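K.L.:
First to last, the protein sequences are chains Y and P. Counting with numbering that gives the first Met the number 0, you get residues 0 to 524 for the letters of the first sequence. Counting with numbering that gives the first Met the number 0, you get residues 0 to 231 for the letters of the second sequence. This is the structure I have questions about; it appears just below.
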Amino acid sequence: MKALMYLTKRSFVNNLKKALHKPITLLLMIFLTAYAIFVVFGIGMLMKELHFDSVQGLVVFVTLWTLYIFLSNFLSYSSRKGVIFRQGHAHFVFTAPISPKLVLLHSAWMNYIISLVISVVFAIMGVTVFGVALWRMFLFFLTGCMLEIVCECSIMVWFYTNEKLSEKAVKVLGWGIKGFLAAITLVIFLYFRREGISLGSASAFFDWPVLQMLPLVGWNISIYRLILLGPTTLNLIGSVLYLVSVAVLVFIVFRMKCDGGYYEEAAKFADDYVEMKKKKNNGEMVTRIGEKRRAFRKVNNAYDAKGAKAIFSRQLLEYKKEKYFIFSKMTVFSLVLAAIMAYTMRESAVDSGVPQFFLLGIIAYMCLVMSGYMGKWEKELQNPYLFLIPDKAYKKLWYATAMEHVKAMLDGTIMCVSIGFAWGVSPVYVVQTILIYTVLQANRLYMRVLAQCLVGNLLGKAGQDIIRVLMQMVILGIGITLAVVIGMLVNINLIFPVTLIYTFVVTVLLGLIASVRFDTMEQLA
Amino acid sequence: MLEIQELSKSYGKTLAVDKVSFFVPDGQVGILLGPNGAGKSTIIKSIAGLLRYKGRIGIQGILAKDLAAKKIFAYVPEIPAMFEALTVREHIEYVRKAYGSSITDEEVETILKRFELEDKQEKLGNELSKGMMQKVSICCALAVKPKVMLLDEPMVGLDPRAIKELKEVVLELRNSGVTVLISTHMLEMVEDLWDVMFVMEKGQIIGSYQKSEVGEKDLDALFFEMTGGERA
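Structural data, given as structure tokens:
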């Protein structure tokens, strides 16, 4: 334990020292903290607006939170993916003479911090927003950051060290929990759609006794209800059952033998985690840790492109080998988002009489939302062969990103056609919006390259993203203002073509500037 | 001593190691050889306690998964992985605490000096090159003061001076009674070190030699004689 404490302490101190030497990291931390406070404050305001600012409101909130978070944690521990292990663990910790149970308990420190922070947030909001008595929130806090952590640890150790649990049983359990969560989400959605969102309807739903009868998670809800609302027969029984369950769990896991069998999954997790981080940094869309190795199709392809065009040909070949060609998770995401937007905003868009502008707004918003997603092309910049190809830099940039433009057009078509059809937008506007979306996505690509050139590694990836978003917002802001002014002064129908022409010209210029990045592997800054 | 008895390991339906048994006595250097995919890494990881397996692995007569066995066992993996926010010196300090090692500050200084790390002690894990990481990994293993030491491709990434130093260290360990097992493809690098060799193919040990039995024959010749391949 002494060694593990030393490891954590020194890592923390060294990271802090590093942060102090890099003011941008500190600024980012301050910004994120301020943003978190703003979000919490915003939730508080929303609760007041919806008249949820009472003990009953907090009960609703806590019940929802417990249901989803408790079961999600259960799910991640059952698949042995709930604790973050690093590759250094496999090298220096798993091989050391330290009890595997202790290694597990210690490695989950991040989970405890998160639980602690959430308990603090709940406690503060309980007193300030929901008007709960201080002593009740103190008890709530103790339950959240002590009893619940003990329960979570026991479940974690049980799943990680249980060598008798078969892979099949874990899978069945996982699907069971996922099914339950999906079903409860559907029930909640249908219920509130019928009854409307109000404290009365929410309380009526979450007072449903069956929820408190669910083993462990329901009993956990009972103990919170006991603290917040006072005793009832049901929550008293639930609370006792929860306390007994936690005590039994602790006893069981204390007695369980563990010789470190879980190190096999933990070491694999550490490798997968590094892989996932790498993919994320490359701007790829990652939905889970430890994605299965992809199977590729066999393709017979004549590969006769020369110069920079070879980059495009190679990408095309790679996509042909993919199971779904250029269709990706992003395509599905676009489709789902389009369906949600088309459904939820239909009334406002159609009633306004100018649904095309709503569509344009959604498209612009999408370009900002998906700012982290970059696609396959960025890998090109890490490949030294790109820089060795004897061709002009701007050609390399064009051919390296051409496929991304095709993909952006495809995603844009899916979104714009679906929403346009649902809202009755004229096909002329739909086509123009698709083109604007494609150009905006290209603009985002080139702006990112430019941000890399300008700030390099000086501000890190987050700094690059902030610079990029700021630059993009300024340039697009000018364009939108220009389009609106021309639209109002000359003809409103000109807003679309002016936006399209302006973004196109700006994007081409940006592309030419950004092509410098394709000239040499070394970054400018 | 290191004893492997009937060791088997499967990944799903694929049998990677099939009932492998071998023994490296106290104060001897064992070499584990074999082509890619023969199962060497699986054996190494099993000994290091990073995999589940069937069979028995003993370190000085104690089951390898016992904490008592781990306390006298050191491991140098093929790909070293440092803690990013720990300095070189802190890695060694961690090892000292984790193993309750009796190594003194002077001995640590000596090890670091031998591997030219004395001026890199304050460098963080994420500031090290692959070769330096390998050196730190070796120093950490030595800081354990082990009775059994396992090295997986230890020469990869090392500069010629470090390779020379490592060879000397292995011989010193052998002379002080430590059991060493090295898995490698670089036959010429371990030519002067080995006492016993094991050749693996398709998850099984296909043969073994004692140095005392083979006379003047070099490792290369012995390996290709057993695997049926041709010398380069």
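By construction, the Cβ of each residue, glycine as well, lies at the ideal position given by its N, Cα and C atoms. Quick caveat: nothing in here was measured; it's all calculated off a predicted structure.
(1) Candidates Y/Leu-104, Y/Ala-18 and Y/Trp-218: which alpha carbon is nearest Y/Val-82's?
(2) Is P/Ala-84 near Y/Asn-110, with beta carbons less than 9 Å apart?
(3) Whole beta strand (DSSP E) runs in the segment 397-439 of chain Y with 3 or more residues, listed along the chain?
(4) If we ignore side chains and look at the alpha-carbon of each, how far apart do Y/Ile-309 and Y/Met-402 end up?
(5) Roughly how many whole angstroms lie between the Cα atoms of Y/Tyr-34 and Y/Gly-462?
(6) The alpha helix (DSSP H) that contains P/Thr-226, what's its start and end?
(7) Using only the alpha-carbon positions, how far apart do Y/Ile-435 and Y/Leu-409 sit?
(8) So who's on the other strand from P/Met-196, going by DSSP bridges?
(9) Along the segment 60-82 of chain P, where does the CB come closer than 7 Å to a CB of chain Y? Name the residues.
(10) Answer yes or no: do Y/Phe-517 and Y/Leu-387 have a C-beta to C-beta separation smaller than 9 Å?
(11) To the nearest angstrom, report how far apart Y/Lys-167 and Y/Lys-177 are at their CA atoms.
(12) Relative to chain P, which residues along the segment 241-275 of chain Y have a C-beta separation below 7 Å, given in chain order?
(13) Is P/Gly-214 buried or exposed, if buried means 16 or more other CB atoms sit within 10 Å of its CB?
(14) Under the rule that 16 or more other beta-carbon atoms within 10 Å means buried, what is P/Ala-220, buried or exposed?
(15) With 9 Å set as the bound, which would you pick, yes or no: does the beta-carbon of Y/Ile-325 sit closer than that to a beta-carbon of chain P?
(16) State the beta-bridge partners of P/Arg-55 as determined by DSSP.
(17) Below 7 Å on C-beta distance, what does P/Arg-51 contact in chain Y?
(18) Restricting to Cα atoms, I'd like to know which of Y/Lys-391, Y/Asp-206, Y/Gln-381 and Y/Phe-295 is closest to Y/Gln-451.
(19) Beta-carbon of Y/Asn-234 versus every beta-carbon of chain P: anything under 9 Å?
(20) Can you grab the Cα-Cα spacing for the pair Y/Ile-413 / Y/Leu-511, in whole Å?
(21) Let me confirm a value: Y/Arg-296 is counted as buried when at least 16 other C-beta atoms fall within 10 Å, else exposed. Which label applies?
(22) Report yes if the C-beta distance between P/Ala-68 and P/Ile-102 is below 9 Å; otherwise report no.
(23) Please list the partners that Y/Thr-480 has in chain P, where partner means a Cβ-to-Cβ separation under 9 Å.
(24) Go through its chain and collect everything with a Cβ distance to Y/Val-497's Cβ below 6 Å, but skip five positions before and after it.
(25) According to DSSP, P/Ala-73 sits in a beta bridge with which residue or residues?
(26) Report the neighbours of P/Gly-38 on chain Y: residues whose CB is nearer than 8 Å to its CB, in chain order.
(27) Counting C-beta neighbours from all protein chains within 10 Å, is the total for Y/Met-4 16 or more, i.e. buried, or is it exposed?
(28) Which two residues bound the contiguous alpha helix (DSSP H) that contains P/Lys-18?
(29) For Y/Tyr-342, count neighbouring C-beta atoms within 10 Å of its own C-beta (all shown protein chains included) and say buried if the count is 16 or more, exposed if not.
(30) Per DSSP, P/Thr-178 is paired with what?
(31) Using a Cβ-Cβ cut-off of 9 Å, state whether Y/Asn-14 counts as contacting chain P.
(32) Is P/Tyr-10 helix, strand or coil by DSSP?
(33) Go ahead and pull the three-state DSSP assignment for P/Ile-61.
(34) First and last residue of the alpha helix (DSSP H) that includes Y/Gly-217?
(35) Rounded to whole angstroms, what's the CA-CA distance from P/Ser-100 to Y/Thr-160? Just pull it up for me.
(36) Between Y/Gln-211 and Y/Gly-229, what straight-line distance do the alpha-carbon atoms span, to the nearest angstrom?
P.N.:
By the coordinates alone:
(1) As a first step, residue 82 of chain Y must be located in the first sequence, where it is residue number 83. Checking every option, the nearest Cα to that of Y/Val-82 belongs to Y/Leu-104.
(2) Sequence index remark: in the second sequence, residue 84 of chain P carries index 85 (1-based). Sequence index remark: in the first sequence, residue 110 of chain Y carries index 111 (1-based). Cβ distance not < 9 Å, so P/Ala-84 and Y/Asn-110 don't count as in contact.
(3) none
(4) The residue labelled residue 309 of chain Y in the question sits at position 310 within the first sequence. The residue labelled residue 402 of chain Y in the question sits at position 403 within the first sequence. Reading off the sequence shown, one finds Ala at residue 309 of chain Y, where the question assumed Ile. When rounded, the distance between both Cα atoms is 12 Å.
(5) Here residue 34 of chain Y refers to the residue found at position 35 when the first sequence is read from its first residue. Here residue 462 of chain Y refers to the residue found at position 463 when the first sequence is read from its first residue. If you take the alpha carbons of Y/Tyr-34 and Y/Gly-462, they lie about 16 Å apart.
(6) Taking the second sequence and counting its residues from 1, one reaches residue 226 of chain P at position 227. Looking at the DSSP string, the run of the alpha helix (DSSP H) that includes P/Thr-226 is 218-226.
(7) Your numbering for residue 435 of chain Y matches position 436 in the first sequence. Your numbering for residue 409 of chain Y matches position 410 in the first sequence. Each residue's Cα considered, the two are about 13 Å apart.
(8) Here residue 196 of chain P refers to the residue found at position 197 of the second sequence. In DSSP, P/Met-196 forms a bridge with P/Ile-30 and P/Tyr-208.
(9) Lys-64, Leu-66, Lys-69, Lys-70, Tyr-74, Pro-76, Pro-79, Ala-80, Met-81 and Phe-82
(10) In the first sequence, residue 517 of chain Y corresponds to position 518, counting from 1. In the first sequence, residue 387 of chain Y corresponds to position 388, counting from 1. Taking 9 Å as the Cβ cut-off, Y/Phe-517 and Y/Leu-387 do not qualify as a contacting pair.
(11) The sequence position of residue 167 of chain Y within the first sequence is 168, counting from 1. The sequence position of residue 177 of chain Y within the first sequence is 178, counting from 1. Approximately 15 Å, taken between the alpha carbons.
(12) Asp-258, Gly-259, Gly-260, Tyr-262, Glu-263 and Ala-266
(13) By one-based count along the second sequence, residue 214 of chain P stands at place 215. Answer is exposed; the Cβ neighbour count stays below 16.
(14) Walking along the second sequence from the start, residue 220 of chain P turns up at place 221. With fewer than 16 other Cβ atoms within 10 Å, it is exposed.
(15) Your numbering for residue 325 of chain Y matches position 326 in the first sequence. No, Y/Ile-325 lies away from the interface with chain P (no Cβ there is under 9 Å from its Cβ).
(16) Along the second sequence, read from residue 1 onward, the residue named residue 55 of chain P stands at position 56. Answer by DSSP bridge pairing, in chain order: P/Gln-4.
(17) Residue mapping note: residue 51 of chain P aligns to position 52 of the second sequence, counting from 1. Chain Y residues near P/Arg-51: Gly-260 and Glu-263.
(18) Indexing the first sequence from 1 puts residue 451 of chain Y at position 452. When only C-alpha atoms are compared, the closest one is Y/Gln-381.
(19) The sequence position of residue 234 of chain Y within the first sequence is 235, counting from 1. Answer no: the Cβ-Cβ gap between Y/Asn-234 and chain P never drops below 9 Å.
(20) Here residue 413 of chain Y is taken as the residue at index 414 of the first sequence, counted from 1. Here residue 511 of chain Y is taken as the residue at index 512 of the first sequence, counted from 1. Using only the alpha carbons, I get a separation of about 29 Å.
(21) Within the first sequence, residue 296 of chain Y is the residue found at index 297, counting from 1. It is exposed - the Cβ of Y/Arg-296 has fewer than 16 other Cβ atoms within 10 Å.
(22) On the second sequence, residue 68 of chain P is found 69 positions in, with the first residue counted as 1. On the second sequence, residue 102 of chain P is found 103 positions in, with the first residue counted as 1. Contact flag unset, no.
(23) Numbered from its first residue, the first sequence carries residue 480 of chain Y at position 481. By Cβ distance, chain P contributes nothing, its closest Cβ being about 45 Å from Y/Thr-480, past 9 Å.
(24) Here residue 497 of chain Y refers to the residue found at position 498 when the first sequence is read from its first residue. Around Y/Val-497: Ala-482 and Ile-485.
(25) Sequence index remark: in the second sequence, residue 73 of chain P carries index 74 (1-based). For P/Ala-73, which the question treats as bridged, DSSP gives the partners P/Met-148.
(26) Residue 38 of chain P sits at position 39 when you count from the first residue of the second sequence. Neighbours of P/Gly-38 on chain Y: none; closest Cβ ~16 Å, over 8 Å.
(27) For the purposes of this step, residue 4 of chain Y is taken as residue 5 along the first sequence, with counting starting at 1. It is exposed - the Cβ of Y/Met-4 has fewer than 16 other Cβ atoms within 10 Å.
(28) Stepping through the second sequence from its first residue, residue 18 of chain P is reached at position 19. Unbroken run through P/Lys-18 is the beta strand (DSSP E), 13-23; no alpha helix (DSSP H).
(29) Mapped onto the first sequence, residue 342 of chain Y falls at position 343. It is exposed - the Cβ of Y/Tyr-342 has fewer than 16 other Cβ atoms within 10 Å.
(30) Walking along the second sequence from the start, residue 178 of chain P turns up at place 179. P/Thr-178 is bridged to P/Val-147.
(31) By one-based count along the first sequence, residue 14 of chain Y stands at place 15. So, interface residue.
(32) Taking the first residue of the second sequence as 1, we reach residue 10 of chain P at position 11. Strand, per DSSP.
(33) Taking the second sequence and counting its residues from 1, the one referred to as residue 61 of chain P is at position 62. The answer is strand: DSSP assigns P/Ile-61 an E or B state.
(34) Within the first sequence, residue 217 of chain Y is the residue found at index 218, counting from 1. Per DSSP, Y/Gly-217 belongs to the alpha helix (DSSP H) from 216-228.
(35) The sequence position of residue 100 of chain P within the second sequence is 101, counting from 1. The sequence position of residue 160 of chain Y within the first sequence is 161, counting from 1. Their backbone Cα atoms lie some 28 Å apart in a straight line.
(36) Residue numbering aside, residue 211 of chain Y sits at position 212 when the first sequence is read from its first letter. Residue numbering aside, residue 229 of chain Y sits at position 230 when the first sequence is read from its first letter. Taking the straight line from one Cα to the other gives about 15 Å.
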